[in-house]
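The next block holds one structure in the form of structure tokens; read it before the comments.
2 protein chains.
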Amino acid sequence: MMRKMNVAIVGATGAVGTQMIKLLENSTLPLDTVKFLASKRSAGKQLSFKGETQTIEELVPDSFEGVDLALFSAGGGISAKFAPEAVKRGAVVVDNTSHFRMDPSVPLVVPEVNPEALRKHNGIIANPNCSTIQMMVALEPIRQAFGLNRIIVSTYQAVSGAGNQAMEELKQQTRDFLADKPLDEWQAEILPCGGDKKHYPLAFNALAQIDVFAEEGYTNEEWKMINETKKIMEDETIKVSATCVRIPVMSGHSESIYIETEKTATVAEIQELLSQAPGVVLEDDPSQQIYPQALNSVGKKETFVGRIRKDPDEEKGAHLWVVSDNLLKGAAWNSLQIAETMYEMGLFK
Amino acid sequence: MMRKMNVAIVGATGAVGTQMIKLLENSTLPLDTVKFLASKRSAGKQLSFKGETQTIEELVPDSFEGVDLALFSAGGGISAKFAPEAVKRGAVVVDNTSHFRMDPSVPLVVPEVNPEALRKHNGIIANPNCSTIQMMVALEPIRQAFGLNRIIVSTYQAVSGAGNQAMEELKQQTRDFLADKPLDEWQAEILPCGGDKKHYPLAFNALAQIDVFAEEGYTNEEWKMINETKKIMEDETIKVSATCVRIPVMSGHSESIYIETEKTATVAEIQELLSQAPGVVLEDDPSQQIYPQALNSVGKKETFVGRIRKDPDEEKGAHLWVVSDNLLKGAAWNSLQIAETMYEMGLFK
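Chains as they are written, first to last, in the working numbering: chain V, 1 to 349; chain D, 350 to 698.
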């Protein structure tokens, strides 16, 4: 049994950091100390952890002295600068940003899917993109049993993935709508993407842009789903294509996933498989109108799967409707679960 | 030149009927009289047409005496009972319900796509399902130029397609959310489908059910998209599969459409084609964050297409994001456009 662990949370005040703290309060990790790190702006603020008041400290390289585990969720720039500093001081970093995900020396891990990749870490483990994680949880059992040739996914993503301010913006637009305020007077300064030039209202709308546009007309979010899927499944030959869309939902990403399997699989076989798959809750009974819903997923760690159907015109094609809390399994929980899994595997020194 | 026409609108007080009246005020059809028909409950109510007050009459078989054109949008049961009565009395019926759509003797028409089918009518012409229409407007030019082997669509559908009461329900749930009312106290009595057993909240949610569940785990809405596409395109060999989802949008259906063409087509070729296609507005410039949005489509007759991209792993695969006002091109406008097209083709006796 390892000694108790010193943990640091970087980005403690953000939408993901807040969830991380709640989860850490109930974690199976044996905790010694926990410190909360944030930018100079948030330093000095107080928060509650296990009933005790804690003060947020300013993030500096020496913050990581004596830290065993550092959970980062404060933007790619912060991770780029400070994750190596944490590693240098002996910490294991689980990074929730996209910065290290495609680095060949960094494992990209969904614990239900590729825990063995954790053994190859060099100090940093990357947490995949929220929309990728829940898709992997649902599809890996199918890939193992029937093979997977192809994935075509359309997402219905919640606004909490864009942070607390984006959630407030959606609420304000919603109030504006109910007050019959003309559309051109709605405040839109963040969505679809804080770092981009133009901003559009999300309330009572669907925005087919998440993150900025990149190569070949795809957004970064779409490329993340494509590239991360191939890395996590360790198979460059799977065809993957994605359309990522933000809808006016606070938390809970939904995904309409189309797959083509290698071997033919019946609906009953896929249902049976997923009913026993780790991290999956099967909610699939059309006769009782049972299917996953974003609102029902909030606060839960599992990935919910339903609407499993065969393509009427393609023997090896099938649909799934996959829903999960993007702040939990999509971010905070998967990060902490990586740490717990590493602990169980004896990977902390 | 034909004499002026007598027109009847059946279901004048509904969400679609209201739009129908507005459009008819500006129609190119030469109008003599216009009568508004509805159930006994709505009869006697007044509405305004071209600045004059009109009284809604109760729908009975003899309502159609002397009527040249009857536009039906009052539910499948009403169409089943009264459309034949209208035809018997010499009227041409354009029916916005699903009742006659798959009847082999009834043309199912999107004027930009298959106007010639109108010549084969036997008194009734069916208006396709809202989500099918906008997909046909966007895909038919591609089918003609490059051939079309396959369609996989995921929809993001607005609540106005479920009627005025459903819109009110969404508004009330939205108020409940903003007032921090617990989820289990939100009123949900209509959505996802008025005629089904269970009802769920739509505010800040995504419901993967539109209409009731039918064969093979597909909903009726999904089967409509599949079957109507093959009928309108007059090609049983096109592979079509669909996932239909209601999202908290008032009006404007969005669709994430994946296609596989027969011949290889570049993005530039598809853009060029659609920029000149009837009824299509191309909104596709990622560098300027230009893509179709539900909120921008409201009140417009066109179908907006953007996010055109090739599948990175499949030479003949491509994505499109297709948006249109479901009450206009998806319902009232397509119905009236059918009538105007028939008039131009000399199909009224």
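A virtual CB, placed ideally from N, CA and C, is assigned to each residue, including glycine.
{"query": "Test: D/E663 CB closer than 8 Å to a CB of chain V", "result": "yes"}
{"query": "Contacting positions in the segment 203-229 of chain V - beta carbon closer than 7 Å to chain D", "result": "F204, N205, A206, L207, A208, Q209, F213, E216, G217, Y218 and I226"}
{"query": "Residue-chain proximity (V/D196, chain D), Cβ-Cβ < 8 Å", "result": "yes"}
{"query": "Supposed contact pair V/S256 and V/S324 - C-beta distance, whole angstroms, cut 8 Å", "result": "About 14 Å; that fails the 8 Å criterion."}
{"query": "D/A617 at chain V interface by Cβ criterion, 8 Å", "result": "no"}
{"query": "Option nearest V/S27 by Cα separation, candidates V/G123, V/E234 and V/K301", "result": "V/K301"}
{"query": "Close-in-space but distant-in-sequence residues of the same chain around V/K40 (CB under 6 Å, 5 per side omitted)", "result": "E58"}
{"query": "Inter-residue Cα distance where the pair is D/L685 and D/E577", "result": "19 Å"}
{"query": "Continuous beta strand (DSSP E) stretch holding D/G439: start and end", "result": "Neither: D/G439 is in no beta strand (DSSP E) and is coded neither H nor E."}
{"query": "Segment contact, 8 Å Cβ cut-off, at least three pairs: the segment 94-106 of chain V with the segment 331-348 of chain V", "result": "yes"}
{"query": "Between the CA atoms of D/G666 and D/K612 - distance to the nearest angstrom", "result": "10 Å"}
{"query": "Any C-beta of chain V under 8 Å from that of D/Q523", "result": "Before going further, note that residue 523 of chain D is Thr rather than Gln in the sequence given. Yes, because at least one Cβ of chain V sits closer than 8 Å to the Cβ of D/T523."}
{"query": "Under 8 Å between C-beta atoms of V/A208 and V/T243", "result": "yes"}
{"query": "Cβ neighbour criterion (16 or more within 10 Å) applied to D/K698", "result": "exposed"}
{"query": "Residue(s) in a DSSP beta bridge with V/S63", "result": "Per DSSP, none; premise fails for V/S63."}
{"query": "D/G366: first and last residue of the uninterrupted alpha helix (DSSP H) it sits in", "result": "A364 to E374"}
{"query": "is_contact[D/A361, chain V] using C-beta, thresh 8 Å", "result": "no"}
{"query": "Cross-strand partners of D/I639 (DSSP beta bridge)", "result": "D/D634"}
{"query": "Own chain partners of V/P30 with C-beta closer than 7 Å, once the 5 adjacent residues on each side are dropped", "result": "K4 and M5"}
{"query": "Limits of the beta strand (DSSP E) - the one that V/R307 falls within", "result": "T303 to K310"}
{"query": "Cβ-based burial, D/D417 [other Cβ within 10 Å; buried from 16]", "result": "buried"}
{"query": "Selected residue, minimal CA-CA separation from V/N149, among V/P104, V/E236, V/G75 and V/H121", "result": "V/E236"}
{"query": "Any chain V beta carbon closer than 8 Å to D/M451", "result": "no"}
{"query": "Secondary structure of D/K562, DSSP reduced to three states", "result": "This sequence places Phe at residue 562 of chain D; Lys is not what is there. DSSP places D/F562 in strand when its eight states are reduced to three."}
{"query": "For D/S447 and D/N478, believed in contact at Cβ under 8 Å, the rounded distance", "result": "7 Å"}
{"query": "Counterpart residues of V/L207 in DSSP-defined beta bridges", "result": "V/R246"}
{"query": "Interface flag, D/T592 vs chain V, CB-CB below 8 Å", "result": "yes"}
{"query": "Chain-ordered neighbours of V/H319 on chain D, where CB pairs are closer than 8 Å", "result": "S590 and T592"}
{"query": "Reduced DSSP secondary structure (H/G/I, E/B, other) of V/Q187", "result": "coil"}
{"query": "Beta carbon proximity, D/A643 to chain V, threshold 8 Å", "result": "yes"}
{"query": "Proximity below 8 Å, CB of V/Y291 to CB of V/R307", "result": "yes"}
{"query": "Unbroken alpha helix (DSSP H) run spanning V/N164, endpoints", "result": "N164 to L178"}
{"query": "Closest Cα partner of V/L178 within the set D/M516, D/P531 and D/D533", "result": "D/M516"}
{"query": "Residues of the segment 646-658 of chain D with Cβ closer than 8 Å to any Cβ of chain V, in chain order", "result": "G655, R656, I657 and R658"}
{"query": "Below-8 Å beta-carbon distance, D/V598 vs any chain V residue", "result": "yes"}
{"query": "Three CB pairs or more closer than 8 Å across the segment 261-277 of chain V and the segment 171-188 of chain V", "result": "no"}
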